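Protein chains in written order, with my numbering: chain A, 700 to 1026; chain B, 700 to 1026; chain C, 700 to 1026; chain D, 700 to 1026; chain E, 700 to 1026; chain F, 700 to 1026.
There are 6 protein chains.
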Amino acid sequence: MSDYKSVSELKSIDPEMAVPFRGIYILRRKDSRTAKNGNPFLSLELGDSGGSFTANAFGDSPVFETINPAAEGCIVRLSGKTEYYNGRFSPRLQAAEVIEAAEAEADGVLGQLVEVPPEPEDELWADLQEGIAAIAHTRLRETVQRVIDETETHFRTAPAAISMHHAYRHGLLEHTVHMLRACRALLPLYPQVDGDLAIAGVILHDIGKLEEYEGDFAAKTSRSGTLQGHVVLGFRLCRKAAIQCQLNNDLTERLEHIILSHQGELEWGAAAMAATPEAVFVSMIDNLDAKMGMVQRVLRNAAEGDEFSERLAGLQTRVLLAPPDKS
Amino acid sequence: MSDYKSVSELKSIDPEMAVPFRGIYILRRKDSRTAKNGNPFLSLELGDSGGSFTANAFGDSPVFETINPAAEGCIVRLSGKTEYYNGRFSPRLQAAEVIEAAEAEADGVLGQLVEVPPEPEDELWADLQEGIAAIAHTRLRETVQRVIDETETHFRTAPAAISMHHAYRHGLLEHTVHMLRACRALLPLYPQVDGDLAIAGVILHDIGKLEEYEGDFAAKTSRSGTLQGHVVLGFRLCRKAAIQCQLNNDLTERLEHIILSHQGELEWGAAAMAATPEAVFVSMIDNLDAKMGMVQRVLRNAAEGDEFSERLAGLQTRVLLAPPDKS
Amino acid sequence: MSDYKSVSELKSIDPEMAVPFRGIYILRRKDSRTAKNGNPFLSLELGDSGGSFTANAFGDSPVFETINPAAEGCIVRLSGKTEYYNGRFSPRLQAAEVIEAAEAEADGVLGQLVEVPPEPEDELWADLQEGIAAIAHTRLRETVQRVIDETETHFRTAPAAISMHHAYRHGLLEHTVHMLRACRALLPLYPQVDGDLAIAGVILHDIGKLEEYEGDFAAKTSRSGTLQGHVVLGFRLCRKAAIQCQLNNDLTERLEHIILSHQGELEWGAAAMAATPEAVFVSMIDNLDAKMGMVQRVLRNAAEGDEFSERLAGLQTRVLLAPPDKS
Amino acid sequence: MSDYKSVSELKSIDPEMAVPFRGIYILRRKDSRTAKNGNPFLSLELGDSGGSFTANAFGDSPVFETINPAAEGCIVRLSGKTEYYNGRFSPRLQAAEVIEAAEAEADGVLGQLVEVPPEPEDELWADLQEGIAAIAHTRLRETVQRVIDETETHFRTAPAAISMHHAYRHGLLEHTVHMLRACRALLPLYPQVDGDLAIAGVILHDIGKLEEYEGDFAAKTSRSGTLQGHVVLGFRLCRKAAIQCQLNNDLTERLEHIILSHQGELEWGAAAMAATPEAVFVSMIDNLDAKMGMVQRVLRNAAEGDEFSERLAGLQTRVLLAPPDKS
Amino acid sequence: MSDYKSVSELKSIDPEMAVPFRGIYILRRKDSRTAKNGNPFLSLELGDSGGSFTANAFGDSPVFETINPAAEGCIVRLSGKTEYYNGRFSPRLQAAEVIEAAEAEADGVLGQLVEVPPEPEDELWADLQEGIAAIAHTRLRETVQRVIDETETHFRTAPAAISMHHAYRHGLLEHTVHMLRACRALLPLYPQVDGDLAIAGVILHDIGKLEEYEGDFAAKTSRSGTLQGHVVLGFRLCRKAAIQCQLNNDLTERLEHIILSHQGELEWGAAAMAATPEAVFVSMIDNLDAKMGMVQRVLRNAAEGDEFSERLAGLQTRVLLAPPDKS
Amino acid sequence: MSDYKSVSELKSIDPEMAVPFRGIYILRRKDSRTAKNGNPFLSLELGDSGGSFTANAFGDSPVFETINPAAEGCIVRLSGKTEYYNGRFSPRLQAAEVIEAAEAEADGVLGQLVEVPPEPEDELWADLQEGIAAIAHTRLRETVQRVIDETETHFRTAPAAISMHHAYRHGLLEHTVHMLRACRALLPLYPQVDGDLAIAGVILHDIGKLEEYEGDFAAKTSRSGTLQGHVVLGFRLCRKAAIQCQLNNDLTERLEHIILSHQGELEWGAAAMAATPEAVFVSMIDNLDAKMGMVQRVLRNAAEGDEFSERLAGLQTRVLLAPPDKS
């Protein structure tokens, strides 16, 4: 463990003392303000997977120079001194440096900056590639491969959903690969479903989320995410690749239909109700893995001894955490 | 008035008599069946704006030869003899001929085949063209013009909604031009709304319906209407034209957004909620003209002396038909 | 093919002729009436998987003697003469005999009396038994085995849902075994789910339907089905067996919870929201197989050449029937 | 700019300093309390369009004497010294004076006390009067004129909706006049709508809000607002004037119906669904201007450089603030 | 029993015979039509509590002379001959006479014309008067008495809800008196409820239905019923009487509030949510007696031997008809 | 009045002073934590009916020894010194003792620890017993008596619903007895309802809440409350007693049905819709008394001079508190 302090460690320091510290945090929010004396300053929110704090960077400081041009969502290495202002932790900043995710990983703090799934990214990625390879129809496989190749960097790290406090790195990749495994396990049971289309649909169903959100760590909805939504954005990515790969019209329309209908209900954002065997199948597996993913996450994060989790909005109840008594 | 009998005229003939007749009807439904003796026959539903009847065409008859290859939704000139079967009007068919809409118009029965709006198609069309000409931004205007030019034939006659019994010829054109007029009347009052975008959005908002429905007279949902829906189909038509006309990205995305959001609520099929001044504006005008169109239609079709219309599902009440007493 | 006439065959006979016939039908409805002359008669509805007709049995006839004591839902072998009354097919009955399902099967008409799934009942049953055997925990396995043993006769034939016209023989068994296969295929992917509990929950989740419906062929809701519902009825069956098999409290409560929560939403009849990994898992698989079962059924029953099925209420759309173009 | 400090200016003063200040604020809330020593004191909330703060006035102080008899919602000119208590701004009050809105206007702070629309009140009022004059039917015009004359003082300043923090002075007048303009612009397009009735209905549709809310600045629901609601209250005002002006029954009932139905849906408070051409028309224009008013407000209040507004509950999305790129 | 034939008796006559008959029926519907030969005729629907039939009255017949000026909903004494037309009972009419309800009662057929509650009207009416007398507050009692006196004739016979087939004579009186009894029985248990106001509110809560419906027997919604609804109509009747009786403002507003809020939910037509103890109390008793009234009606109308009623929309289930086994 | 300080008294002490105090509170929450120095400490939330505060108990203190083994929801007698930490009241604890409810009652603070209804528990209990005695059917009466006898201790004190801040001691008993009185007052008016069953159903309808919640004072949902819900838990208690008392099947099923259906709507947790006269009756009385209970509670707790209560979620409005003006 490095000497970098996490947010919860910072907050457990005696408020009456001014302790020097170093830490690596995500810049969640950056607002330009003007002080009473007319000088500019930045009001910042910095955080990691365990919480966040606010701090100011004044116009004549080196921290201001560094942070002013930085984008929300970047990673910052800070040094400063702990301080409370009106009873709220708000440290005095002394130096700042914008760093890459790779550096944070090298410093061993990436895992504490953002929540990550338990399976290594590379294993998930290999499974995804194997899924693509299993598509027998050449042009369909090429269509999927083209979309994935073009979005690889982003796809590997993007979250599957927005969350201000726990941006869930690799979440989209994890969810997609879990659905892929479920899809391949179930295909022999539902021979009415075309396996090639189902696999292609699973892999691309949420691809529009790569454009719906922006910022790897402090994910927020992008302009096109608001104006079009991930369903239409995914439809566009998929359609473009299908045309480039000369996929025939029938398969193109069926693949697009899986993306357009996978949300399941119009009020959840589906553009059409699932109307092919493959679209019904993918939409049901999406729902199953989304719900099971919530269960897996609360089990993973459960504090020892807790009988139940907090109430989960997505399940409309709390989850029993204790394992069954198999005696 | 020709000697062609409308459906309601046919049905008012004394059931005990077998009267020869001629008529022009839409072929609403055509099912292939096999009789007990193994011979093929067609079970047909034929109708006009006032009702429909069923009849059979047997495999060895000239009517069978004519109707068998015809598409549902075509227009048929028939001759036959009135007849009742198990208490249901089901005439004996003697001759049939598939004709074009133009012939039906020449015979003066088009208006009784399908309901048409009171304004002449050509006046509505001229107003639409004038609306396009009013778009100041060159590439935006060209984008709209291109879509309209490519779809003119269909756009002039398509209904604005599906209805088995009252396919409403020119309905889409009428609704679009009525919205266009309302839009132009309101623009001076809402200067925050960009007039070019609003006009373009109004003209193209329902363009996907040209592909969502098929058959001019006996409109039904097409394959792509079911798999994609008119919102996505319209988005595609608009996007293609915008690219061909080199419309800039900002205007393209805003125009697409109007189409994607005009349905107003996700559960009514919107892919995104209206998030630009123009999209909110067009979506509200769409709602206003849709409701006012229902009012206009029941006033137009009201029987003399009726105080109220039937209950309209779209208004959740019946409409008071009598004019106000301005004495 | 026997000389027994199906309902649709009866109705295709020339209405002007009085043709003698024999047939085997389900007695769907039986109402006692009194004729103008004061004599009693029975108004009957008889049907098979392709339709139904009504007929009267008068108080002094042998058919009256036979049918009067019979229960709705029984199978009747009839002979009579075709006849129409006020334009409606209503044959004159000459002889009737109540027979067992086994006789109908022997006569080769059971399949036309009611819709059956494509897989043989015995194969489905063997799979169910193998699923029970796969439960490692002895008392849990014994609990499931006890419930299944006690209900075998009924479980083998009961429908999974009520349908006046297409009572779906073996439907519950088919749905349960399909879920069982899906469950076992997915268990390796979700190690947080206890396999024993999940398998037991799948097998028993709908067991209350055996008491919710009555009548194998003309299924209708029973008294306890109305007053308690299948969720509570299944809970009771399961609880009783668990106590008899001395299953420990923890497993008993978890198994009961799967049954109480499998409907997914309170307004669909769930008594509690799924709150264990196994309950979430079973409830999602139930939803997946129910939707896929609708798809499989419309594909199985599709008329050749139809592009789409009728609109399915359960999917809120129609289903594309044509296979993908894999060229 | 006066030396009166706004709330946000007060809060930006260094918390460690006790700075004397003067200010004019609305008395939002006043609660009588008893201190530990048995002495009475007032707990006050004071605010302007930019925020609010709490302060105490103790029983033996001149501020207590002044504020104790004042009504919530009045305007107070204060002097005091800045102070923080447990980290919350809570100034020490030294002198207070209740003043009229006119004085606050003379002091140039009315605009910072409450949000006001961009158009001058007198121009909006003149437009309203011109609208009344445009009603051709004498008694209908007199009915509208009578209601407006009797409520003028209140109508000129009342908000169109309740908002604790941004009571929106003149909001009702602005919304009514904007609807009036839209109504008059659209009337030529919908000749089925009686212009006199539509104009009268637009002007009076929300008149009941004058009795539903109380307090110009800190608007809250009145007793009759809770017990009857603005729809019934408006109906009563309108009915009384119609009787006094001897308006005939038909027009009276149609005018009342516009008020009773303008909310559009029963669950939004409509007493009846719109069932006349005029009622449908007014209800749709109300919806259009309400939504466009939200858009106009966020554009007006947008901080420079912001791409999107906050999410608006009324539009279920955030609004794109940047103007289109018309290059 | 008279020799008048009820509808169900008419329909049980042998269709092949032309039997002369006499009967007394309600004129449910009367449409003016023109025959092929240009002559006018009336298409009539006539019915009683057990069903209805259609018949024609031709322009040159005495029946036409009698029925043409009659209002829908009147009572007609007919003579004619049974006849079937295209398989539907449609008798030939020979003579007709419009009669008063009193004559129908004298002929002993009123009870078969419309459904009536089991308690005699006069007993119900006496209970209502006793309820009014129990109101201690003089002006409140006078207000209620005035409304009831002015509407007595109508109140005694009006139905409590619309139903085409079973207009339920005295239904409003029965429901009001049942609520009155429940109210008086419960008042001692809820001393927070003012008894005078609660009794007054119960008696007047549905008074607007007297103007919402028209026609004693074939009740349909009136013009003001559609444009204002029974809640506002009742509010007006009550307000007018309260002013005439000089009831103080507080009691007037509370009485009006009970009427405005008794529907319970805005989407069921309440103008305001119940916000006084009396309004909550009356609204709950209304709901209780409405549901219990449905139960009482199905028990009253149950056929002997039926275990369950049909499914009732208002209860969302069917009702168990058999009495409990108290052995 | 003792010298024990209530929470609101503690919070009104001058924050700048460290005042010694004694008090009796409920232990609402107890979390084990580890301090920076590695020592364990407890973070506690303590409260009474007027509020709550947090405090820490460190590992080496006698308070830690006492509280560490105590259960959430117990009663604690504390002494300490007032103190503020970061502007939040967080006293220093010096001694603690877990005591029984009886001791708190002896100390005269039970009433301030938790809200209690105005009627004495023993009177309510006597009424409940009298209700049981009024059941004429021996085995039904014995069934009810058995359930009540077995749960008496808990039934006397349990709340009728969960509320973190105002656990409502005796709430279930109060609600049950109020319903019982309403039931007995209404029974003569609805003779279709079997009185024995209705009384039994009222008394047992919420009996499952005794197992759904745990902790008398800081009520929270139990494990079986989450996994089964109070409807199924009550069904089990009732069924067990019915079997032990040899109640016949018909009455058992009807009594169970009242419990299963009393919630009124499936989405509110009913397992079946009320389908017997008794179940409809009990479910309506439950709704009436629940709503009237909310009214009674806000009237009881109203501050003098308040015109309206706060908005109540259960009534969707605020309640008028002032009594009617009966002058």
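Where is the CB? At the ideal position from N, CA and C, for every residue including glycine.
Treat the numbers as computed from the prediction; the structure is a model and nothing was measured.
Contact of F:PHE980 with chain E by beta-carbon distance below 9 Å involves LEU987, LYS990, MET991 and VAL994. For the pair D:LEU827 and D:VAL901, the CB atoms are not nearer than the 7 Å cut-off. When beta bridges are read from the DSSP output, C:ASN755 appears opposite C:SER742. The Cβ neighbour count for A:THR1016, taken over all protein chains shown within 10 Å, is at least 16; the residue is labelled buried. F:GLU849 and F:LEU909 have their C-alpha atoms roughly 11 Å apart.
Put simply, the backbone Cα of D:GLY1004 is about 11 Å away from that of D:PRO1022. With a 10 Å radius around the Cβ and a threshold of 16 neighbouring Cβ atoms, C:THR842 comes out buried. Bounds of the beta strand (DSSP E) holding D:GLU1009 are 1007 to 1011. Taken in chain order, the unbroken stretches of alpha helix (DSSP H) that lie wholly in the segment 909 to 993 of chain D and span 4 residues or more are 922 to 926, 928 to 943 and 948 to 960. By the Cβ test, the segment 714 to 728 of chain A is not in contact with the segment 757 to 764 of chain A, since fewer than three Cβ pairs between them sit closer than 8 Å. The three-state reading of DSSP puts A:ALA881 in helix, counting H, G and I together. For the pair C:LEU936 and C:ILE957, the CB atoms are not nearer than the 7 Å cut-off. Close partners of F:HIS956 in chain C (Cβ separation under 8 Å): LEU926 and GLN927.
The beta carbon of F:LEU965 sits closer than 7 Å to some beta carbon of chain C. The bridge partners DSSP lists for E:GLY779 are E:PHE720 and E:LEU792.
Residue range 837 to 856 is occupied by the alpha helix (DSSP H) that includes C:ARG855. Under DSSP, the beta-bridge partners assigned to E:GLU814 are E:TYR867. DSSP places B:VAL892 outside both helix and strand once states are collapsed to three, so it counts as coil.
The residue among E:LEU896, E:GLY1013, E:ASN738 and E:PHE720 with its C-alpha nearest the C-alpha of E:ALA833 is E:LEU896.
With contact defined as three or more Cβ pairs closer than 8 Å, the segment 967 to 974 of chain D and the segment 923 to 936 of chain D are in contact.
For A:VAL706, the enclosing alpha helix (DSSP H) covers residues 706 to 710. If you draw a straight line from the Cα of A:GLU966 to the Cα of A:PRO976, it is about 21 Å long. Taking the C-beta atoms as reference points, E:ALA941 is found nearer than 7 Å to E:THR951. Close partners of B:ARG1017 in chain E (Cβ separation under 7 Å): THR925.
Distance from the Cα of C:LEU959 is smallest, within the candidate group F:GLU1009, F:SER923 and F:LEU903, for F:SER923. Not a single C-beta of chain C is nearer than 7 Å to the C-beta of A:PRO890. Per DSSP, the continuous alpha helix (DSSP H) segment holding C:LEU827 begins and ends at 820 to 832. With distances taken between CA atoms, B:SER778 lies nearest to B:PHE720 out of B:GLY750, B:PRO817, B:PHE720 and B:LEU839.
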